[in-house]
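J.: Sending over a structure as structure tokens; questions will come in a sec.
2 protein chains.
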Amino acid sequence: MAEIGDEPDELCHFTGGRYNAFLEACPTRQLLDELGNKWSCLVLVALSWGPMRHGELRRGLGGVSQKMLTQTLRTLERDGLITRTVTPSVPVRVDYELTPLGADLRAVVQQIKVWAEANMGAVAEARSTYDSAVA
Amino acid sequence: MAEIGDEPDELCHFTGGRYNAFLEACPTRQLLDELGNKWSCLVLVALSWGPMRHGELRRGLGGVSQKMLTQTLRTLERDGLITRTVTPSVPVRVDYELTPLGADLRAVVQQIKVWAEANMGAVAEARSTYDSAVA
DNA sequence: CGGTATCCATTCTGATACTG
DNA sequence: CAGTATCAGAATGGATACCG
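These protein sequences, in sequence, are chains Y and H.
For the first sequence, the numbering used here gives the first residue as 1, with consecutive numbering after it.
For the second sequence, the numbering used here gives the first residue as 1001, with consecutive numbering after it.
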């Protein structure tokens, strides 16, 4: 009988050196949580167009504060998903760019963004139906 | 010149009735936030194997509390991503199942889970490199 | 079994002010 | 321009107890 954890593909069991996000202790959970941060996915997608400065990103991501942007960038850098390049001019210039690993992940998370934008209408409709049924 | 918001594909600008998650006021942000919840993605993927009961999901998702599972399922139901079917037996039986819309999204978020499980090793390595460089 | 209600700790987020 | 520090409020998550 099929159970959760028996995935159709072979990338599944925590045993044997592999990862399985269904298991509580699996470090994969940390990665999933991080992508759940408010800005991580948007930053990755924003960097699709090549290296970008702090200020550019800030203007591109509506509503992000400087603090949260810096924090998000640091975490992504620590995880090897983006690089941070400092040019010691005056004033200093800092560019962020996707690493190959980050570019790979970007392709995946962009699908989420595209899906959300494409299906937001259907979701909004489902919500109003649900809400009126409850009332 | 390319700017954030000028996406390579055509699903981009908020203007003209379309959605763009880069904009603060875009409702797409709500969807992204929801997928960022700790359990939403895992629930969607777990339902890949067909209808599942509350208890089955609870056992399958390591560490989820009853409250959070119920809350997550409610939200997904409200958004039209899953259905909730009550069989009035004693004790009552409740099954959850992906809607076509939810199955569509599941395919996308599963890629995230697969990516995370496949690349967790590289990320962990990057982290330790970063941490030792800081020290 | 599935769900609700309450309380509480932790985390996340953002506004503000300040440094090089 | 990029970043840090601090503080306060909001949101999230979870333990517990109870209901149909």
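All C-beta atoms, glycine included, are put in the ideal place defined by N, C-alpha and C.
1) Strictly under 7 Å for the Cβ-Cβ distance: is TYR96(Y) near chain H by that measure?
2) Mind checking who ILE112(Y) pairs with in its DSSP beta bridge?
3) Quick one: does ILE82(Y) have its CB under 7 Å from some CB of chain H?
4) Which residue wins for smallest C-alpha separation from CYS26(Y), given the options ARG1053(H), ARG1018(H), GLN1066(H) and LEU1061(H)?
5) Taking C-alpha atoms, which residue in MET120(Y), SER132(Y) and LEU105(Y) lies nearest to ALA1118(H)?
6) Can you list, in chain order, the residues of the stretch 1061 to 1093 of chain H whose Cβ is nearer than 9 Å to any Cβ on chain Y?
7) Let me know the alpha helix (DSSP H) ranges lying completely inside the stretch 1036 to 1073 of chain H, each 4 residues or longer, listed in chain order.
8) Give every residue of the same chain whose Cβ lies closer than 7 Å to the Cβ of ALA124(Y), excluding the five residues on either side of it in the sequence, and list them in chain order.
9) Hey, how far is the Cα of TYR130(Y) from the Cα of VAL1134(H)?
10) Helix, strand or coil, according to DSSP, for TYR130(Y) in the structure here?
11) On the DSSP letters alone, give me the boundaries of the beta strand (DSSP E) that TYR96(Y) sits inside.
12) Please name the residue, chosen from GLN71(Y), ALA116(Y) and ASP95(Y), that lies closest to LEU1031(H) on a Cα-to-Cα basis.
13) Let me see if you follow: with CB-CB separation under 7 Å, is TRP1115(H) close to chain Y or not?
14) Going straight from the alpha carbon of PRO100(Y) to that of THR1099(H), what length do you get?
15) Quick one, are the C-beta atoms of ARG1093(H) and THR1087(H) less than 7 Å apart?
16) Could you give the DSSP three-state label for VAL1086(H): helix, strand or coil?
17) Does ASP79(Y) come out as helix, strand or coil in the three-state DSSP assignment?
18) How about ALA1107(H): is its C-beta nearer than 7 Å to some C-beta of chain Y?
19) Given this structure, state the Cα-to-Cα distance separating GLU1010(H) from LEU1042(H), to the nearest angstrom.
20) For GLY89(Y) and GLN66(Y), what's the separation of their Cα atoms in angstroms?
21) Verify the CB distance criterion: does VAL1123(H) have a CB-CB separation below 7 Å to chain Y?
22) In whole angstroms, what is the alpha-carbon distance linking ALA107(Y) and THR1085(H)?
23) What does ALA103(Y) reach in chain H if we use C-beta pairs closer than 7 Å?
24) Taking 7 Å as the CB-CB limit, is GLU24(Y) close to chain H?
T.: A quick look at the data gives this:
1) no
2) Answer by DSSP bridge pairing: none, since ILE112(Y) is not bridged.
3) no
4) LEU1061(H)
5) LEU105(Y)
6) Listed by position along the chain: LEU1061, GLY1062, GLY1063, VAL1064, GLU1077, ARG1078, ASP1079, GLY1080 and LEU1081.
7) For the stretch 1036 to 1073 of chain H, whole alpha helix (DSSP H) runs of length 4 or above, ordered along the chain, are 1040 to 1046 and 1054 to 1060.
8) For ALA124(Y), same chain residues with a beta-carbon under 7 Å away, outside a window of 5 residues either side, do not exist.
9) The C-alpha of VAL1134(H) is placed about 50 Å away from the C-alpha of TYR130(Y).
10) helix
11) 93 to 98
12) ALA116(Y)
13) Taking a beta-carbon distance threshold of 7 Å, TRP1115(H) counts as an interface residue toward chain Y.
14) 35 Å
15) yes
16) strand
17) coil
18) no
19) Low per-residue confidence applies at GLU1010(H): pLDDT is 34, beneath 50, and the placement is therefore not dependable enough to give any value.
20) The identity of residue 89(Y) in the sequence shown is Ser, whereas the question assumes Gly. Going from the Cα of SER89(Y) to the Cα of GLN66(Y) covers about 21 Å.
21) Chain Y, which has a Cβ nearer than 7 Å to the Cβ of VAL1123(H), makes this yes.
22) 35 Å
23) By Cβ distance, chain H contributes nothing, its closest Cβ being about 12 Å from ALA103(Y), past 7 Å.
24) yes
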